[in-house]
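Working notes, structure below.
There are 4 protein chains.
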Amino acid sequence: MLKLDFHPSGRHFLQIPGPSPVPDRILRAMSYPTIDHRGPEFGALGLNVLDGIKRIFKTQQPVVIYPASGTGAWEAALVNTLSAGDAVLMYETGHFATLWKKMAESLGLKPEFLGLPGIEGWRRGVQADMIESRLRADSQHAIKAVCVVHNETSTGVTSDIAAVRRAIDAAGHPALLMVDTISGLASADYRHDEWGVDVTVSGSQKGLMLPPGISFNAVSEKARAASKRATLPRSFWGWDEIIDMNRNGYWPYTPNTNLLYGLAESLEMIEEEGLDNVFARHQRLAEACRRAVRAWGLEIQCADPAVYSPVLTGVTMPDGIDADAVRKLIYERFDMSLGTGLGKLKGRMFRIGHLGDCNDLTLLATLAGCEMGLRLAGVPLASSGLPDAMAWLMEQSNDTPLKVAA
Amino acid sequence: MLKLDFHPSGRHFLQIPGPSPVPDRILRAMSYPTIDHRGPEFGALGLNVLDGIKRIFKTQQPVVIYPASGTGAWEAALVNTLSAGDAVLMYETGHFATLWKKMAESLGLKPEFLGLPGIEGWRRGVQADMIESRLRADSQHAIKAVCVVHNETSTGVTSDIAAVRRAIDAAGHPALLMVDTISGLASADYRHDEWGVDVTVSGSQKGLMLPPGISFNAVSEKARAASKRATLPRSFWGWDEIIDMNRNGYWPYTPNTNLLYGLAESLEMIEEEGLDNVFARHQRLAEACRRAVRAWGLEIQCADPAVYSPVLTGVTMPDGIDADAVRKLIYERFDMSLGTGLGKLKGRMFRIGHLGDCNDLTLLATLAGCEMGLRLAGVPLASSGLPDAMAWLMEQSNDTPLKVAA
Amino acid sequence: MLKLDFHPSGRHFLQIPGPSPVPDRILRAMSYPTIDHRGPEFGALGLNVLDGIKRIFKTQQPVVIYPASGTGAWEAALVNTLSAGDAVLMYETGHFATLWKKMAESLGLKPEFLGLPGIEGWRRGVQADMIESRLRADSQHAIKAVCVVHNETSTGVTSDIAAVRRAIDAAGHPALLMVDTISGLASADYRHDEWGVDVTVSGSQKGLMLPPGISFNAVSEKARAASKRATLPRSFWGWDEIIDMNRNGYWPYTPNTNLLYGLAESLEMIEEEGLDNVFARHQRLAEACRRAVRAWGLEIQCADPAVYSPVLTGVTMPDGIDADAVRKLIYERFDMSLGTGLGKLKGRMFRIGHLGDCNDLTLLATLAGCEMGLRLAGVPLASSGLPDAMAWLMEQSNDTPLKVAA
Amino acid sequence: MLKLDFHPSGRHFLQIPGPSPVPDRILRAMSYPTIDHRGPEFGALGLNVLDGIKRIFKTQQPVVIYPASGTGAWEAALVNTLSAGDAVLMYETGHFATLWKKMAESLGLKPEFLGLPGIEGWRRGVQADMIESRLRADSQHAIKAVCVVHNETSTGVTSDIAAVRRAIDAAGHPALLMVDTISGLASADYRHDEWGVDVTVSGSQKGLMLPPGISFNAVSEKARAASKRATLPRSFWGWDEIIDMNRNGYWPYTPNTNLLYGLAESLEMIEEEGLDNVFARHQRLAEACRRAVRAWGLEIQCADPAVYSPVLTGVTMPDGIDADAVRKLIYERFDMSLGTGLGKLKGRMFRIGHLGDCNDLTLLATLAGCEMGLRLAGVPLASSGLPDAMAWLMEQSNDTPLKVAA
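Protein chains in written order, with the working numbering: chain A, 8 to 413; chain B, 8 to 413; chain C, 8 to 413; chain D, 8 to 413.
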């Protein structure tokens, strides 16, 4: 087999904000032999995952599963609902919002990109009032959809989707609400139905703890109605045939069988822990991470505590420090992968992922690796970040301390 | 873990014409932990598979790997090269050719469907002379592409692609040649460069012995030039950015990492056996299968011996027999999956896959299971098919018989 | 990784009478990370397997699990119950009975080897009347134990253990009854308590479908009482400390953790199928195998139909044929492993295993491989064996034939 | 599958001094299908591991591999070389030395137990001068063997075996030298030939990073000569037949095939890293661990820096603290397993394993978990241990710091 680990011993720490570490249990499930995707066993598998994934999106409506990575699900959301030249209101929260907008342009849509000026927009969540104002101004209802990113992976900001919904409603505007929660799903609380989202886009390789390769569209009735009128060419991404065949647990074309095995296992793991407990764990780890960053005296990319991401934390470098050189040093010396700065933030920050199959000790190892790497790279730190992180984690322990003294 | 095998003991025989059985060795390779798709180890993996896959397509030109199943690669071939309303000459070899044509319509193209009348077209290969005549008649060069299926999975017919190339050349027509060899690649001889194919479409779950989930476009310079002019909306499927980033072994968006591990292993396995030996093995097994079918007194779906598929054999049922009932009986009693009749052949035939990780004894088990199932289903058989199949396999043995007598 | 398969493609057919093919499901279970053998999770695992294995032995008494292969469990049975110079009555059913006797000698015991003369003893089961006579003659009760092999792996003979028990009882003799069912357990019906066996020896790599590496002693109260008086030196094999610690699911020294994972999975699989159904399946496959051998016109090693083994069938070669040359040819040409002739039968027969994770089609593939190999080796066969085997398997199907005709 | 992880998410930290964490790469190798242990592929495997394991023991002489756990290899060393009533000089370094002595008694030997008085002997290495004096006093050469533990797993002390050799030589005594390096092999430097060891005992589940289940005797010519005269009963453990059959890569009875796959992979991994680099890594991690313990103000069990173990560190609790309650708290809150205090040290200390597949960040996570657990358990700590551990690890980095500033 191809040698794939350049470090001689010990486990690699994969602390990028996705793909997140895939638990052994899921890798084992995925190694079940591929079966006939038209046979009765497959139908049982299909119904199992199609039902279970709805609970993760908190929806009663169909969730379409694509044998494609997350970028494909972005495209699916657009081509199913829109027509060439349609105006789309998108919001610039960071690099991934920008890529989605670029895709909209490639597909012949007319995205309008709202956002705070300069780097400021990449430090805060979606400003729902800006959306409301813009929609109110669109009295002709030229805007067909509002597209926002829930958890912006490039910055570590988790926007308030319920507020966006309220903004659209307040403006009395009929635009569809489309949300990318590729990196938020199953890590940050998300409510497709309650928040009135029309299309939610997500992927497998983040909170679901799977390898990349499957992706999702959760679809409202309003979105399905829009798809009847939408004229962008579509075939592979078309919802109708998939949703139709999904009723018996099958797909119109060959699905990604082994990743569906993994999804079944992932859903089982999440339900064993409890989805709310999963969210609480992410919040606990994220806060521990931020306390360490603050103790180091470094700046957190997200400037608004109300929208700190439970999934990842962006750490800004002092002037004159190349964040990617720090990452490289940490990779080479300590066998840990961190997320690079993307787009406007290239070289200025790195990102610590604390999502998915992560626990207290893994996070502390991650912080120790960052701290050693920063020091070796000559970044001046105010103090060690570990004491504050550890104090928080100890304090957060729910259980009554065990009796240990005689 | 979800229970996925309804039979209590023994190995399931997955003898559909794909997904084909995934060797343990590939399943093990796929269980390597997911890594950072932006890290140095990934780059090494990417270069390894991008280089190796070219040898399978027999091309020096780029092969684009999509994190999507084969249907997606069909769409990619069309949207990269064509514009709304373009005329496309497609050839009806069977169900998959029909589905590809349906996709072309969905995407706003104008496919013209050539073929022999009725069921006859589903029993023979592409008639290159019909293509030549049609192209000669197209003096305005309205036809932008000729699309044919190399190995038609629904019938077990492997068309002569070199002949199609000659036909296009003889007509002096500039149309692109696009070929689907989803189920032929790495089982039947295929030569992207030598045959002058512009876009070859393939997938992972057949001769490459992988689970479904990645697919391919091998792309000629002429096709890339066409893509500069083509105006169908595209983003996820766009070749340029992928080919550009592939130079260093990376992808513009998240690739299907664990399937790429599997692909690296698959390429290693194929090169260990030798690609020509792989082809010869498929031919040997296919002939054994056909000899059994003939001994049973049943008809082979492919009516032209020159284009028998080395990948699968379609077995036609006598009138009054529901092929799917036979398949169900075989599945339930003997734990073997066979391919169903598709489209025009629904209920009239079943398909035996003998591709990928298959050897003599597995094929004989398969034939034994078919024979018992046919008899239990009341299908009158002329004789047992095993003696002829075994005789052929014994005769085909290259090695000098070992001395065993004293 | 070390390359371990000399054949380029397709699945190897491992049709030796053990180690039997390990189902993927068990291999996956065994790949769970090794845990602390003193931690709470291990205790749960230990109790699970210690409880479950009793159901397989059909006993309420302790079953000791050793982190050692089956030969070790033979030694354990002897050193726990006997003292230097003790007389032991052993019965020669074949090669493994002979090896056990040789071990008894090495350990300083005085085995007396009963049996039918010459090769005849290797073709029939234990003659209980011979045991009864011998014990009646031992009026001083010098004989401390009677040792017999239940399923003799070298010949394919499954002796009647209940008859041996009755013989001992009829003789009114106090000797312990010790039985080796290493290759019988979980394939052939076995009843430790009902048959009054004092020590049953078994191993993992046969009916339990595990890799080799753990082995068993099921122990009666009488055996435990004998162990208090027995003086052969023992430490690793000593029952008492193990049985004592097993009450909480632990072992006094490091157990073979990953094989215990496999055992837990094996027990789950057997209970899903139902132990009696497992036995019936073995009987069905064994009969199919014998019908093929008879059709070939070859002799079955076991000469007494009452004691045909459900686990394996010994196939005798005509004079002048070297059975191992046939096996080598089959291995090289058809990628199938068969059992060699052992001891007195070296070169004169080969053994077909049809145990553990085996089903109808696998058996038919096995028979086809044997038949082709025999023919290529120049062995004259009366006829093909497959029709009779297939006819039997079709006839044995319980289900009502499905309706297939219109 | 049996649920085996009581914690809902994240990777368990298995920081006991063995079984050590099994790398994924080895678990994958072990999931290769079990093969015929009499077939040609097995012979290649056998020769591969039998050759490779010699390099780890640093010997040119035979290394016997048992399909049994380490305790069995202790027994093998004794029963192959000694006779009932033989005097054996053993040295009390801790719990495992005590268990080996207990075994010697069970087997009918007459062990004499040398050592420093009380707990002091459990804090220091073997005192070679005591052995020399004792042997000088044995002018009749009644003592047949000297048995010492190289790396005492219960205390974290690695004795100087070369010094023991010199002591025996200085005394001019013919006793065999038998050494247990079950937990030292492949973590601490060991030289079977250079140190003149007669029997070295080891196991799989420590530095070799395998699950438990195979164990070793490296055997000198002198030991083999002794085995000709030794009269303790033996069969399963007998060296001669195994060494004889090993010449072609086979074993006289069924070997533990899947663990041998793992061993082949382990040897490959160790040679990739380089055995000396493996030792250096263990020393680096061990020193980091000790620096943390000192910073906490807690006592290290090993009182002599010259014999600190590179494998594990024993951490002594202040009076009134139950070490096992601390361990339990750490297990429950932080999903980490630590080693318990054994024998005389029960409840008074815990043991941190830093062996095998361990790297800097895993060790720091381990230390963080210990520190939080100690604090939550109310153990007063002088200061955090992490800064000193991190400073050492940063300092130990060989590479020139990367340039990061602009």
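By construction, the Cβ of each residue, glycine as well, lies at the ideal position given by its N, Cα and C atoms.
Below 9 Å on C-beta distance, what does residue i contact in chain C?
{"i": "D342(D)", "result": "Correct list: empty, because the minimum Cβ distance to chain C is about 11 Å."}
{"i": "S391(B)", "result": "S391, L393, P394, M397"}
Just to check my reading of the structure: residue i and residue j have Cβ atoms closer than 8 Å, yes? What is that Cβ distance to the nearest angstrom?
{"i": "M379(A)", "j": "M397(D)", "result": "5 Å"}
{"i": "P69(A)", "j": "I221(A)", "result": "Rounded, the Cβ-Cβ distance is 15 Å, inconsistent with contact."}
{"i": "L266(D)", "j": "P218(D)", "result": "7 Å"}
{"i": "E139(D)", "j": "A174(D)", "result": "4 Å"}
{"i": "L274(A)", "j": "V56(A)", "result": "7 Å"}
{"i": "G281(C)", "j": "L388(C)", "result": "Contact doesn't hold; Cβ gap of about 37 Å is too wide."}
Name the DSSP bridge partner or partners of residue i?
{"i": "E306(A)", "result": "T323(A)"}
{"i": "P118(D)", "result": "V95(D)"}
{"i": "V153(C)", "result": "L96(C), L184(C)"}
{"i": "F341(D)", "result": "DSSP, once it has assigned bridges, lists no residue as partnering F341(D)."}
{"i": "E228(B)", "result": "Paired residue(s): none; E228(B) is not in a bridge."}
{"i": "E159(B)", "result": "V164(B)"}
Whose Cβ in chain B lies nearer than 7 Å to the Cβ of residue i?
{"i": "P317(C)", "result": "Here the premise fails: no neighbours, minimum Cβ distance about 13 Å."}
{"i": "F20(C)", "result": "L368"}
{"i": "G220(A)", "result": "P74, G220, N263, L266"}
List the residues of chain B that residue i touches, going by C-beta distances under 8 Å, in chain order.
{"i": "E378(C)", "result": "M397"}
{"i": "N253(A)", "result": "In chain order: nothing, as chain B lies at least about 15 Å away."}
Applying a beta-carbon distance threshold of less than 8 Å, which residues of chain D neighbour residue i?
{"i": "A372(A)", "result": "L368, T369, L371, A372, A375"}
{"i": "S113(C)", "result": "P240, R241, S242, G245"}
{"i": "C365(A)", "result": "S16, G17"}
Can you name the residues of chain A whose CB is closer than 8 Å to the CB of residue i?
{"i": "S38(C)", "result": "D31, R35"}
Just tell me which of the options has its CA closest to the CA of residue i.
{"i": "G346(B)", "options": "R172(B), L11(B), W244(B), P26(B)", "result": "P26(B)"}
{"i": "M137(D)", "options": "V226(D), L305(D), M97(D)", "result": "M97(D)"}
{"i": "I33(A)", "options": "S146(A), T320(A), M276(A), A237(A)", "result": "M276(A)"}
{"i": "A83(A)", "options": "R236(A), S391(A), F243(A), I250(A)", "result": "F243(A)"}
{"i": "A51(A)", "options": "L349(A), G304(A), W258(A), A372(A)", "result": "W258(A)"}
{"i": "E272(D)", "options": "H14(D), G17(D), D31(D)", "result": "D31(D)"}
{"i": "A225(B)", "options": "R301(B), K65(B), K10(B)", "result": "K65(B)"}
{"i": "D326(C)", "options": "H148(C), N253(C), P40(C), V386(C)", "result": "V386(C)"}
{"i": "Q290(C)", "options": "W303(C), P312(C), G392(C)", "result": "P312(C)"}
So which residues of chain A does residue i contact, with C-beta pairs closer than 7 Å?
{"i": "A75(B)", "result": "P74, A75, G79"}
Residue i touches chain D at which residues, Cβ-Cβ below 9 Å?
{"i": "Q67(C)", "result": "Within 9 Å Cβ-Cβ: nothing; Q67(C) doesn't reach chain D, min ~23 Å."}
I want to verify the contact list: residues of chain C whose CB lies under 8 Å from the CB of residue i, in sequence order.
{"i": "N284(B)", "result": "P15"}
Given that residue i touches chain C, what residues does it touch there, using C-beta distances under 7 Å?
{"i": "D43(D)", "result": "L21, I23, S344"}
{"i": "T347(D)", "result": "R45"}
{"i": "E279(B)", "result": "P15"}
Residue i touches chain B at which residues, Cβ-Cβ below 9 Å?
{"i": "Y338(A)", "result": "D43, G46, P47"}
### Task
Spell out a yes or no on whether the segment 225–235 of chain D and the segment 198–206 of chain D are touching, meaning 3 or more CB-CB pairs, one atom from each, closer than 8 Å.
yes
### Task
Would you check if there are 3 or more beta carbon pairs closer than 8 Å linking the segment 252–268 of chain D to the segment 341–358 of chain D?
no
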